[in-house]
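Working notes for the structure below.
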Amino acid sequence: MDYSKDKSYTITEATQKLMHYCAYRDRSQKEVEDKLNEMRMIPQAKEKIIIQLMQEDFLNEERFARSFARGKFRIKKWGKVKIKNELRKKQISEPIIKLGLSEINQKDYNSSLYDLAEKRIEKTNESNSYKKKQKVADHLMRKGYETHLVFDCLNELIP
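Going by the numbering used here, the first residue of the sequence shown is number 94, and it counts up by one from there.
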């Protein structure tokens with residue numbers, strides 16, 4: 094949404110716009126606050142709008158964290174470390190981050206790690222097994238997988 098610098102919004106107009114914004118996909122409270130700042134709403138109006146969005150269930154941090162974790166894992170194959178860091182950037186609290194990560198099935202998580210590792214091993218043109226392991230490990234850790242899981246996996250796949 095492009096909010097021109099000259100346009101000012103009533104609380105009702107801003108609330109309507111943010112209801113559409115939140116209905117499109119789950120949002121964090123920080124995203125909504127950023128949008129309200131773009132709309133140049135005063136602090137009292139921002140607070141009133143956020144409370145209304147929460148009361149009417151347009152804004153729900155737990156639902157956001159759960160869908161964010163599910164989506165980033167399923168679609169982008171991110172690991173828990175990266176998902177946790179991204180949720181922290183969105184100012185989600187630790188207990189809610191834990192709830193979000195609980196959406197990821199451990200069996201699927203391990204399977205995804207092994208699939209990514211196998212694909213990366215095939216792509217890596219390195220004859221030295223130590224260097225190959227290191228390159229694949231770096232890739233998997235950038236994706237957000239835990240160091241100990243990465244090395245357990247690679248020790249199985251690369252002798």
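From the three backbone atoms N, C-alpha and C, an ideal C-beta is built for every residue, glycine too.
Express the C-alpha separation of residue 150 and residue 236 in angstroms, rounding to a whole number.
Translated into positions along the sequence shown, residue 236 becomes position 143. Translated into positions along the sequence shown, residue 150 becomes position 57. Distance between the alpha carbons of residue 236 and residue 150: 32 Å.
Rounded C-alpha distance that separates residue 132 from residue 159
As a first step, residue 132 is located in the sequence shown; it is residue number 39 there, counting from the start. As a first step, residue 159 is located in the sequence shown; it is residue number 66 there, counting from the start. Rounded to whole angstroms, residue 132 to residue 159 spans 28 Å at the Cα level.
Could one say the Cβ of residue 194 lies closer than 8 Å to chain D's Cβ atoms, at least one of them?
Checking the listed chains, one finds no chain D in this structure; it contains a single protein chain.
Can you tell me which of the three DSSP states residue 238 falls into?
For the purposes of this step, residue 238 is taken as the residue at position 145 of the sequence shown. Three-state DSSP puts residue 238 in coil, outside helix and strand.
Just the C-alpha distance for residue 100 and residue 178, rounded to the nearest angstrom, thanks.
For this step, residue 100 is matched to residue 7 along the sequence shown. For this step, residue 178 is matched to residue 85 along the sequence shown. Distance between the alpha carbons of residue 100 and residue 178 is about 35 Å.
Candidates 212, 240, 181, 244, of which the one nearest residue 223 by Cα
Counting from 1 along the sequence shown, the entry for residue 223 is found at position 130. Checked all of 212, 240, 181, 244; the closest Cα to residue 223 is 244.
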